[in-house]
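Residue numbers (my numbering), protein chains in the order written: chain A, 1 to 395; chain B, 396 to 475. Even glycine gets a Cβ: it sits at the ideal position worked out from N, Cα and C. None of the values given here were measured: they were computed from a predicted structure. Encoded as C-alpha cells, the structure appears first; notes follow it.
Written as C-alpha cells, this is what we have:
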C-alpha cells in the first residue's frame with residue numbers, strides 16, 4: 001500500500017460526505033447504496049464514521065462529470081481514466097469525481113464499471129491512501145471486476161488504512177446512558193456472522209428499527225431533532241424525508257452523547273445537557289460563558305446529570321427529569337420552583353419509568369423511554385397513548 | 396534517428412501521455428535534448444513495469460502497452 005506525500009489524513013473520526021449529482025446510468029437509490037456500502041468498507045476496519053449530508057459543504061463531495069470539470073485533471077471519454085479523488089484536506093481535498101462518459105452499473109458485468117468497486121477505491125484516496133502494487137488489492141490502480149456481494153477488503157488495504165487511522169473501536173458504542181432493563185427481546189436472526197457493526201450514519205432502514213431509542217430530543221425553529229450517540233435525526237416541515245447528520249456537523253465543539261436538551265423558542269435558544277454541565281446555543285452558535293454547571297439552575301450537588309428536559313412555552317416552566325423524580329424550573333424567575341423534586345408517577349399518571357428524552361409538540365408532552373414514547377396531555381398531565389419512539393419517522 | 400512507423404508513433408504518444416499522467420514524466424520540450432527524452436522515457440517505462448510486476452526492459456513492448464490501456468484510476472501511481 002502507499003499513502004500520499006506527508007500522509008495527509010482526516011483529523012477527526014466523524015467524516016461527512018455529500019452526493020452532489022447522479023449518473024443517468026443508474027437509479028439514484030443504487031448510487032446511494034453503492035456509495036454508502038463503499039464507505040462502510042472503510043468504516044468497518046477503522047474508527048471512522050461517515051455521515052451523509054444533503055446540503056452545505058461536506059468533507060468528501062462526490063460528483064459525476066466528463067472531460068474538463070473544473071480541476072486540472074480532465075477526464076478522457078470512455079475507458080482510460082474512470083475516476084479520481086483527492087487526498088484529505090480543505091476545499092477539493094477528499095473530493096471524488098467519476099467520469100460520466102463511462103457506463104456505471106451496480107452489477108459486475110462486462111459492459112460497465114461497478115460503481116461500488118470504483119467508489120471504494122476512490123474513497124480510499126479520499127481517506128489518504130495512494131495506489132498499491134499488490135495485484136488484487138482494492139487500491140491497485142487498474143479496474144478489476146469482481147464479485148461484490150460479500151466483498152471483503154484485502155489485507156493490504158486494511159494494513160494501509162489502519163496505518164493512517166488504526167483499527168476500529170473494540171465494540172459498538174454502548175448506549176450513552178444505562179437504559180433501564182427492557183423486556184427480553186429476541187435478537188433478530190442475522191444471516192451472516194456478525195461483523196464489526198457498520199459505523200456509517202443511520203440509514204432509512206435504521207430509522208424504522210423497532211428498538212430505536214434516543215438520548216435526547218428537542219424542537220428547533222420548527223424542526224424536531226432526535227439525538228443518539230454522535231448522530232442527529234432531523235425531521236423538518238421544510239423537506240420530506242428524515243435527514244441524518246452528525247452532531248459535529250452542526251456544533252463541532254460540542255461533544256456527542258447529550259443527556260437532555262430543550263428549546264426556549266421565545267429566546268431562539270436550545271439548551272444542551274451532558275453530565276453536570278449545560279450549554280446554551282443560538283442556531284449554530286454556542287453562547288459565550290458556557291458550559292455552566294447544572295447546579296447553577298438550582299440542582300443539589302447530589303444530582304450529577306439529568307435524564308431529560310422539556311420546556312412548556314405556555315407556562316414558561318421547564319421540567320427536568322432525574323431518575324423517578326422531576327423538577328420544575330421557572331424560566332421567568334430563572335429559579336427552581338418550591339415543592340420539588342416530586343415523583344414523576346405522582347403527577348404524570350401512567351409514566352412509571354424514568355424518562356430518557358422529552359419533547360413538547362402540538363400541545364402535548366412526549367416522554368421517551370427506550371423504544372417507547374408516551375403522549376401526555378400538557379394541562380391534565382394524563383397519559384393519552386403509547387407509541388414507538390420512532391413513530392415520527394413515518395415508518 | 397530511425398524513422399518510426401505511424402502505429403508506433405501513436406503508441407509512443409499514448410505511452411508518453413500515460414507516463415505524464417501517472418509516472419510524473421516530463422517531456423523535455425526543446426529538441427536539443429530529444430535523445431535525453433528517450434532515456435528519460437525509458438526510465439519511466441522501467442518504473443511503470445516494475446510497479447506492475449512486468450519484465451523491466453525500459454522498452455515499450457506489447458505487454459507494457461496492454462497494461463497502459465487498461466481502464467484505471469486517474470490518480471498517479473508515483474508522485475514527486
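Can you tell me where the alpha helix (DSSP H) with residue 387 of chain A in it begins and where it stops? Not the alpha helix (DSSP H): residue 387 of chain A falls in the beta strand (DSSP E), residues 383–388.
May I have the straight-line CA-CA distance separating residue 126 of chain A from residue 471 of chain B, to the nearest angstrom? 14 Å
Residues within the stretch 443–454 of chain B neighbouring chain A, beta-carbon criterion of under 9 Å: 445, 446, 447 and 448
Counting only beta-carbon atoms, is residue 198 of chain A nearer than 9 Å to chain B? Reliability fails at residue 198 of chain A, whose pLDDT of 33 lies under 50, so the model's placement of it is uncertain and no value is given.
Closer than 7 Å at the beta carbon, the chain B residues around residue 141 of chain A: 467, 468 and 472
Measure the CB-CB distance between residue 143 of chain A and residue 131 of chain A and report whether it falls below 9 Å. no
What residues in the stretch 60–88 of chain A bring their beta carbon closer than 8 Å to a beta carbon of chain B? 73, 75, 79, 80, 81, 82, 83, 84 and 85
Take residue 323 of chain A and list the residues in its own chain whose beta-carbon comes closer than 8 Å to its own, dropping the five residues that flank it on each side. 307 and 354
Straight-line gap, residue 32 of chain A to residue 81 of chain A (C-alpha atoms, nearest Å): 22 Å
On a Cα-Cα basis, can you pick out the residue from A/311, A/259, A/242 and A/390 that is closest to residue 52 of chain A? A/242
Compare the Cα-Cα distances from residue 54 of chain A to each of A/246, A/12, A/83 and A/303 and report the closest residue. A/246
Put residue 243 of chain A into one of helix, strand or coil per three-state DSSP. strand
Are the stretch 431–451 of chain B and the stretch 83–94 of chain A touching, with three or more C-beta to C-beta distances below 8 Å? no
When you compare only the Cα positions, how much space is there between residue 413 of chain B and residue 37 of chain A? 31 Å
Taking only three categories from DSSP, how would you classify residue 200 of chain A? With a pLDDT of only 48 at residue 200 of chain A, under the threshold of 50, the placement of this residue in the model should not be trusted, and no figure is reported.
Rounded to whole angstroms, what is the Cα-Cα separation between residue 163 of chain A and residue 128 of chain A? 10 Å
Using only alpha-carbon positions, find the residue among A/8, A/209 and A/357 that is nearest to residue 93 of chain A. A/8
Members of the stretch 96–114 of chain A that neighbour chain B once the beta carbon cut-off is set at 9 Å: 97, 99, 102 and 113
Measure the C-alpha to C-alpha separation of residue 341 of chain A and residue 348 of chain A and round it to an integer number of angstroms. 13 Å
Using a cut-off of 7 Å between C-beta atoms, extract the partners of residue 5 of chain A located in chain B. 474
Any beta-carbon of chain B closer than 9 Å to the one on residue 395 of chain A? no
What residues match up with residue 285 of chain A in a beta bridge as DSSP calls it? A/282
Counting only beta-carbon atoms, is residue 464 of chain B nearer than 9 Å to chain A? yes
Excluding the 5 residues preceding and the 5 following residue 96 of chain A in the sequence, name in chain order all residues of the same chain whose CB lies nearer than 6 Å to its CB. 62, 85, 122 and 126
Whole-angstrom distance between residue 124 of chain A and residue 310 of chain A, CA atom to CA atom: 43 Å
Just reading off the alpha helix (DSSP H) that residue 412 of chain B is part of, what are its end residues? 401–418
Name, please, each residue of chain B whose Cβ falls closer than 9 Å to the Cβ of residue 135 of chain A. 447 and 448
My output table needs one value for residue 12 of chain A: the three-state DSSP class, helix, strand or coil. coil
For residue 447 of chain B, which residues from the same chain have a beta carbon less than 7 Å from its beta carbon, with the 5 sequence-adjacent residues on both sides left out? 462
Considering only the beta carbon of each residue, do residue 365 of chain A and residue 357 of chain A sit closer than 9 Å? no
Report back the beta-carbon spacing between residue 278 of chain A and residue 291 of chain A to the nearest angstrom; my notes put them in contact at under 8 Å. 6 Å
Where does residue 27 of chain A land, buried or exposed, given buried means 16+ other C-beta within 10 angstroms? exposed
Measuring CB to CB, does residue 112 of chain A end up less than 9 Å from residue 25 of chain A? yes
Alpha carbon of residue 391 of chain A to alpha carbon of residue 378 of chain A, nearest angstrom: 19 Å
What do you reckon, are the CB atoms on residue 331 of chain A and residue 286 of chain A nearer than 9 Å? no
Check each candidate in A/146, A/102, A/361 and A/98 and name the one with the smallest Cα separation from residue 223 of chain A. A/361
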